[in-house]
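Accompanying notes for the structure given below.
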Amino acid sequence: MKNGTYTFRCMPFGLSGAAPNFLKTIDIILKPVIGKYMSVNIDDVILSSPSFTHYVEHLWEVFRLLQDAGLTLNKEKCKFGCDELECLCLIISKEGIKTDETKVRAIVDMKLWEPPGFHPGH
Numbered sequence: 001m002k003n004g005t006y007t008f009r010c011m012p013f014g015l016s017g018a019a020p021n022f023l024k025t026i027d028i029i030l031k032p033v034i035g036k037y038m039s040v041n042i043d044d045v046i047l048s049s050p051s052f053t054h055y056v057e058h059l060w061e062v063f064r065l066l067q068d069a070g071l072t073l074n075k076e077k078c079k080f081g082c083d084e085l086e087c088l089c090l091i092i093s094k095e096g097i098k099t100d101e102t103k104v105r106a107i108v109d110m111k112l113w114e115p116p117g118f119h120p121g122h
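Residues in the sequence shown are numbered consecutively from 1, following full-length UniProt numbering.
Structure (structure tokens):
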């Protein structure tokens, strides 16, 4: 279309306001369920339910809210029905939240950088 109006079908990478706009949009769309059984963390939306039956009900409600807003999900980026979830170097499960020990081990085992010609103790 020459001299027409164009619109993005999804949020493109590299826009400086993309992350804050995404968060604000999600906060508005999912307001009825955030804090009840859903939390939003940067670009992750996490749903937790006391039972599988509640989980399915909650999931359908979230799907309805997203659909009503005209949003779609990328199934390759979604994880459904997980007993355990890794998020921000934490492992979240029904037992609680714990640190991901593989991430801690990677930091502990990391070799410190030394500038060329640096000799400790001299």
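We treat Cβ as the ideally placed atom computed from N, Cα and C, and that holds for glycine.
Figure out for me which residue from the options has the closest Cα to the Cα of residue i.
i: VAL45; options: ILE34, THR5 and VAL108; result: ILE34
i: ARG9; options: THR72, CYS89, LEU112 and TRP60; result: THR72
i: GLU95; options: LEU85, LYS103, MET11 and CYS89; result: LEU85
i: PRO32; options: LEU66, LEU88 and LEU15; result: LEU66
i: LYS77; options: ASP43, ASP68, TYR6 and ILE107; result: ASP43
i: ASN41; options: THR53, ILE26 and SER51; result: ILE26
i: LEU30; options: ALA106, PHE13, THR7 and ASP68; result: ASP68
Look up residue i in the DSSP assignment and say whether it is helix, strand or coil.
i: LYS111; result: coil
i: residue 126; result: Because the chain here runs from 1 to 122, residue 126 falls outside it and cannot be looked at.
In chain order, what residues of the same chain have a beta carbon less than 8 Å from the beta carbon of residue i, not counting five sequence neighbours either side?
i: MET11; result: ALA18, ASN21 and PHE22
i: ASP100; result: GLU86, CYS89, LEU90 and ILE91
i: LYS79; result: LEU85
i: CYS82; result: none
i: ILE97; result: LEU90 and ILE91
Between which residues of its own chain and residue i is the CB-CB distance below 7 Å, once the five residues before and five after are set aside?
i: SER49; result: TYR37, TYR55 and HIS58
i: GLU61; result: VAL33
Does the beta carbon of residue i come closer than 8 Å to any beta carbon on chain B?
i: GLY117; result: Of the protein chains in the structure, only one exists, and it is not chain B.
Please return the same chain residues whose Cβ sits closer than 6 Å to the Cβ of residue i, not counting the five positions on each side in sequence.
i: LYS103; result: CYS89
Checklist entry - Residue ranges of each alpha helix (DSSP H) run of no fewer than 4 residues wholly in the UniProt domain "Reverse transcriptase" (4-88), ordered along the chain? => result 18-29 and 52-68
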